[in-house]
Amino acid sequence: MSAKKNNDHSGNGLFNQSLEKGLAILLAFSPDMRTMNLSDIAKATGISRSAAQRFTYTLEALGYLQKHPVNKRYSLRVSTLALGYRYLLVNQNVERANPFLLDLNLTCGETVNYSEPDCSDMVYVGRFPTSRRTPVHMPLGRRLPMYCTSAGRAYLSRLPVQQRKEILEASERVPYTHTTVTDIDQLLELCNEAAESGYAYANGEYYAGDMNVSAAVLDTSGVPIGVVSISAPETRWSLSDLRRQLAPLVIETARLISVRDPSPAELEPFAIGAGKAPPSVS
23 MSAKKNNDHS GNGLFNQSLE KGLAILLAFS PDMRTMNLSD IAKATGISRS
73 AAQRFTYTLE ALGYLQKHPV NKRYSLRVST LALGYRYLLV NQNVERANPF
123 LLDLNLTCGE TVNYSEPDCS DMVYVGRFPT SRRTPVHMPL GRRLPMYCTS
173 AGRAYLSRLP VQQRKEILEA SERVPYTHTT VTDIDQLLEL CNEAAESGYA
223 YANGEYYAGD MNVSAAVLDT SGVPIGVVSI SAPETRWSLS DLRRQLAPLV
273 IETARLISVR DPSPAELEPF AIGAGKAPPS VS
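Under the numbering used here, think of the first position of the sequence shown as 23, with each following residue one higher.
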């Protein structure tokens with residue numbers, strides 16, 4: 023896996039630039055740019071204003087964008103959720119992991135996450151939250167950097183050393199909190215430690231006060247495909263207690279997901295439509 027996506031498709035006759043630009047418009051919306059006019063969209067995506075007008079008209083007609091009747095600014099419609107939801111519907115790794123993640127959540131009482139790699143980030147695709155108060159909201163689809171999260175370092179720990187280094191060097195290593203580790207040598211040492219112990223840990227390196235332990239899920243060839251994590255606040259745990267008590271649980275859960283297929287009964291609660299009343303029989 024490369025650290026960055028290859029965006030140079032020049033000369034490839036199969037590459038559809040129109041589709042690329044349409045997707046770029048959808049991805050341009052963010053918490054900082056919740057609504058945009060045509061000039062904003064053109065600037066954010068690097069296309070002309072006339073091209074932005076054509077693409078936004080099409081996306082609006084397809085139901086992915088909506089335009090305010092007064093200020094003419096565009097925003098995403100709820101229909102865009104279907105694009106990401108399809109991934110969760112067909113992802114067999116998430117389906118396979120869910121029963122084990124639920125068991126871990128019930129056992130430890132803290133938030134359990136399942137994430138998958140994308141470039142130099144981990145993307146959260148499964149989540150079982152704690153019933154207790156927590157300072158961190160982590161919706162599905164949230165991306166976090168590999169270098170400063172236990173999930174990322176657990177994943178990196180299962181890669182060849184040179185590949186770990188390439189991903190870390192390509193990352194923009196920002197000190198999000200006063201505990202964030204950004205030094206390459208120190209990060210490589212933490213990855214080595216995770217490779218030896220079977221789990222990685224982080225102490226509030228992205229969100230202050232949020233500690234976590236993680237272990238990688240492997241495919242049949244031993245290649246990491248995802249990561250199981252437990253997140254817990256420093257108000258309930260010390261880092262030493264978290265590592266001593268919860269690391270063995272996260273290691274075992276990752277092992278089970280890697281080697282054991284859940285039974286149909288275990289999968290049933292996660293089936294689409296589970297819990298619906300059966301049709302009445304006249």
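By construction, the Cβ of each residue, glycine as well, lies at the ideal position given by its N, Cα and C atoms.
query, result
"Contact set for E215: own chain, Cβ-Cβ below 7 Å, skip 5 residues either direction", "none"
"Cα-Cα separation, R99 to R76", "18 Å"
"Enclosing beta strand (DSSP E) for K89 [first to last residue]", "87-89"
"DSSP state of Y136 mapped onto helix, strand, coil", "strand"
"DSSP bridge partner residues for N234 (one or two, in chain order)", "A224, S253"
"For S142, the first and last residue of its enclosing alpha helix (DSSP H)", "Careful: S142 lies outside any alpha helix (DSSP H) and carries neither H nor E."
"The beta strand (DSSP E) enclosing P167, as first and last residue numbers", "165-167"
"Span of the beta strand (DSSP E), counted from its first residue to its last, around Y96", "96-98"
"Beta-carbon spacing of A46, T67 below 8 Å", "yes"
"Helix, strand or coil at L240 according to DSSP, with G and I counted as helix", "strand"
"Exposure of P91, with buried meaning 16 or more beta-carbon neighbours within 10 Å", "exposed"
"Touching by the beta-carbon criterion (3+ pairs, under 8 Å), the region 233-244 and the region 269-285", "yes"
"V196, enclosing alpha helix (DSSP H) - first and last residue", "Element bounds for V196: n/a, residue is neither H nor E."
"Proximity test, L212 beta-carbon vs the ligand FMN heavy atom, cut-off 7 Å", "By its list of ligands, the structure shown contains no ligand whatsoever, and the ligand FMN lies outside what it can speak to."
"Same chain, Cβ closer than 7 Å to L124, neighbours up to 5 away in sequence not counted", "F150"
"Where the alpha helix (DSSP H) through I279 begins and ends", "269-281"
"Where the alpha helix (DSSP H) containing L181 begins and where it ends", "Neither: L181 is in no alpha helix (DSSP H) and is coded neither H nor E."
"Length of the line joining the Cα atoms of V237 and L128", "Looking at the sequence shown, residue 237 is not Val but Ala. Their backbone Cα atoms lie some 18 Å apart in a straight line."
"P53: first and last residue of the uninterrupted alpha helix (DSSP H) it sits in", "Unbroken run through P53: none, as it is neither H nor E."
"Supposed contact pair C170 and V203 - C-beta distance, whole angstroms, cut 8 Å", "7 Å"
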